[in-house]
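One structure is given here, and the rest of the page talks about it.
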Amino acid sequence: MAETQGSSGSEPNPNEKLVKVFDSEDESEALVVKGLLDSAAIDSDLQSASLLQDAFPGLGGMLILVREEDAERARQLMTDHRRSPGDEETAEFDIIEEQPPKA
């Protein structure tokens with residue numbers, strides 16, 4: 015079950031370099047983060063980590079991939095959202111800071 019709809023109506027091309035910026039065991043948390051990225055016009059791909067065990071062994075739950083050139087902006091957006099004042103019910107989520115492997 016993959017959500018692949020970006021706000022521009024396109025999704026990252028599988029032939030492009032994609033980078034993991036988020037993972038969670040909680041699908042609803044992943045959907046919130048995907049919505050945050052969509053609202054900022056960052057195309058993202060929400061996938062079940064179980065489908066990607068070859069690429070990311072040891073993961074479970076859901077993960078979000080973005081184009082390599084959008085990764086830093088996506089991480090900054092998630093960091094800013096996590097630190098934003100206001101609603102005390104704001105979910106805490108972890109931002110993946112790993113660098114993509116060199117080809």
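Adding 14 to a residue's 1-based position in the sequence shown gives its number in my numbering.
Don't be surprised by glycine CBs; every beta carbon is placed ideally from N, CA and C.
Listed as beta-bridge partners of K34 by DSSP are L79.
Boundaries for S53: no beta strand (DSSP E) harbours it, while the alpha helix (DSSP H) harbouring it runs E41 to S53, taken from the DSSP string. Look at D94 here: in three-state DSSP terms it is helix. DSSP, reduced to helix, strand and coil, places D57 outside both helices and strands of the structure shown, so it counts as coil.
Taking 7 Å as the cut-off, the Cβ atoms of V80 and S58 count as close. S62 has M76 as its beta-bridge partners, per DSSP. In the three-state DSSP reduction, E86 falls in the helix class (H, G or I). Going by C-alpha positions, S62 is about 19 Å away from A88. By the neighbour-count definition (other C-beta atoms within 10 Å, threshold 16), S38 is a buried residue. Put simply, the backbone Cα of E83 is about 15 Å away from that of F36. Looking from the CA of E86, the closest CA among G49, L77, D40 and E111 belongs to E111.
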